[in-house]
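Colleague: No gaps in the numbering here: position 3 of the sequence shown is 3 in full-length UniProt numbering, and each next residue is one more. Glycine included, every Cβ here is placed at the ideal spot set by N, Cα and C.
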Amino acid sequence: MSQTQKTSKLADKVESTTDSHFPRQDPLPSFPKNCTLELRGLLHFQENLQELYECDGIAWKAWSPRTKVVEGKSCPAGWYRHSGYCHSLVTEQKGTWNSAARACKEQ
Numbered sequence: 001m002s003q004t005q006k007t008s009k010l011a012d013k014v015e016s017t018t019d020s021h022f023p024r025q026d027p028l029p030s031f032p033k034n035c036t037l038e039l040r041g042l043l044h045f046q047e048n049l050q051e052l053y054e055c056d057g058i059a060w061k062a063w064s065p066r067t068k069v070v071e072g073k074s075c076p077a078g079w080y081r082h083s084g085y086c087h088s089l090v091t092e093q094k095g096t097w098n099s100a101a102r103a104c105k106e107q
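1) Starting from the C-beta of Leu42, find all residues in its chain whose C-beta is less than 6 Å away, skip the five residues before and the five after it, and write them out in chain order.
2) Cα-Cα, which of Tyr53, Leu37, Lys61 and Ala59 is closest to Leu89?
3) State yes or no: is the C-beta of Trp60 within less than 8 Å of the C-beta of His44?
4) Please classify Cys104 as buried or exposed, where buried requires at least 16 neighbouring CB atoms within 10 angstroms.
5) Return the residue from the list Pro76, Leu37, Pro27 and Arg102 that minimises the CA-CA distance to Gln46.
6) Keeping to the same chain, check which residues put their C-beta closer than 8 Å to that of Thr7; ignore five residues upstream and five downstream.
7) Who does Ala52 pair with in a DSSP beta bridge?
8) Per DSSP, what kind of secondary structure is Arg81 in: helix, strand or coil?
9) Around the C-beta of Thr67, are 16 or more other C-beta atoms found within 10 angstroms, so that it is buried, or is it exposed?
10) Tell me, which residues are paired with Ala62 by DSSP?
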């Protein structure tokens, strides 16, 4: 039996037992770059998980508007304050950067 056949049979065996012996795990996020001090404060939207993460200078952490301290002015309803600016996360529409910039200016 070749190495490929052994691997294939092993993979089939693992797949057939995962449902009965192991709980299903949620997919893990993947980030375009490691979180470093230079990226501190950068937000990353993980599309497959529909979650927003922020680099704290050491690691990527799940971001929530409830975890942020609002400083100074408040933002309009549905917007979130971050680093002194108001941000709105729009996930239901796909488009180009140019069309997104236009739509943002119109808001």
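Modeller: So, to answer that:
1) For the purposes of this step, residue 42 is identified with residue 42 of the sequence shown, where counting begins at 1. Once the five neighbours on either side are set aside, the close Cβ partners of Leu42 are Cys55.
2) Taking the sequence shown and counting its residues from 1, the one referred to as residue 89 is at position 89. Comparing Cα positions, the closest option is Tyr53.
3) Position 60 of the sequence shown, counting from 1, holds the residue named residue 60. Position 44 of the sequence shown, counting from 1, holds the residue named residue 44. Yes.
4) Sequence index remark: in the sequence shown, residue 104 carries index 104 (1-based). Result: exposed.
5) As a first step, residue 46 must be located in the sequence shown, where it is residue number 46. Comparing Cα-Cα distances from Gln46 to each of Pro76, Leu37, Pro27 and Arg102, the minimum goes to Pro27.
6) By 1-based counting over the sequence shown, the position of residue 7 is 7. Because Thr7 carries a pLDDT of 41, less than 50, the predicted location of this residue cannot be relied on, and the following value inherits that uncertainty. Once the five neighbours on either side are set aside, Thr7 has no close Cβ partner at all.
7) Here residue 52 refers to the residue found at position 52 of the sequence shown. As written in the sequence, residue 52 is Leu, which differs from the Ala given in the question. Note: Leu52 sits in a beta bridge opposite Phe45.
8) What you label residue 81 is simply residue 81 of the sequence shown in a count that begins at 1. The answer is strand: DSSP assigns Arg81 an E or B state.
9) Against the sequence shown, residue 67 aligns to sequence position 67. Note on Thr67: pLDDT 47, under 50, position unreliable in the model; the coordinate value appears next. So Thr67 counts as exposed.
10) Indexing the sequence shown from 1 puts residue 62 at position 62. Looking at the DSSP assignment, Ala62 forms a beta bridge with Tyr53.
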